[in-house]
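Everything on this sheet refers to the single structure shown next.
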Amino acid sequence: MASTPGSGDHRRVKSAAFLFACGCAGAAPHWLDPVRSLWPAISLAMVLGGYGLRTVLRADLKRGDTAEAFELDREGLPSLDVVVAARDEEGVVTRLVERLTALRYPADRLTTWVIDDGSLDRTPELLDQLAERHPRLNVIHRPRNAGGGKS
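Under the working numbering, the residues of the sequence shown are numbered 1494 to 1644, in order.
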């Protein structure tokens, strides 16, 4: 896999240098007298905080550009079937199905199957309602005492 310019250039060297600097900053207070031993810790906290803030802000700024720059070859993508076993999942099944149907994958190549394993709560009702809203969602209802183990 090819990397984009600037994304991983000398990543291991940078990581090693950063680790070495952290080690030195952690050992420095032991070499200094007690009056001055607090300054390396404060300096390290400022550097790490600034670096972390820079990393987070940089990722947020780049996130919008990557979606436009990355063009997906839809013809080369395989067809996928996502299979989910659900038994008494009333609290999470709606959110799960909504997230699965919101995946950025070609709709004609993605089919979602949710198998209700004889739920005693409202899971079957919720799945039927979701199947009406999402045409790519297939729901299978199995009795609780069906053989073959869990789906």
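Beta carbons are placed, not taken as given, at the ideal position from N, Cα and C, and that holds for glycine.
In or out: Thr1548 buried (at least 16 other Cβ within 10 Å) or exposed?
-> exposed
Identified DSSP bridge partners for His1634 | Asp1609
How far does the alpha helix (DSSP H) with Val1590 in it reach, from first residue to last?
-> Val1586 to Thr1594
Does the segment 1573-1586 come within contact of the segment 1534-1548, defined as at least 3 CB pairs closer than 8 Å?
-> no
May I ask you to report which of helix, strand or coil DSSP gives Asp1614?
-> coil
For Ala1639, three-class secondary structure by DSSP | coil
Please state if the CB of Val1586 and the CB of Leu1619 are separated by a distance shorter than 7 Å.
-> yes
In this structure, does DSSP put Asp1574 in helix, strand or coil?
-> strand
Apply the 10 Å Cβ neighbour rule to Glu1582 and answer buried if 16 or more other Cβ atoms are within range, or exposed otherwise.
-> buried
Could you pull the start and end residues of the alpha helix (DSSP H) that Ala1514 belongs to?
-> Arg1504 to Trp1524
Could you give the C-beta distance for Gly1611 and Pro1571, rounded to a whole number, given that I count them as a contact under 8 Å?
-> Incorrect: roughly 32 Å between the Cβ atoms, too far for contact.
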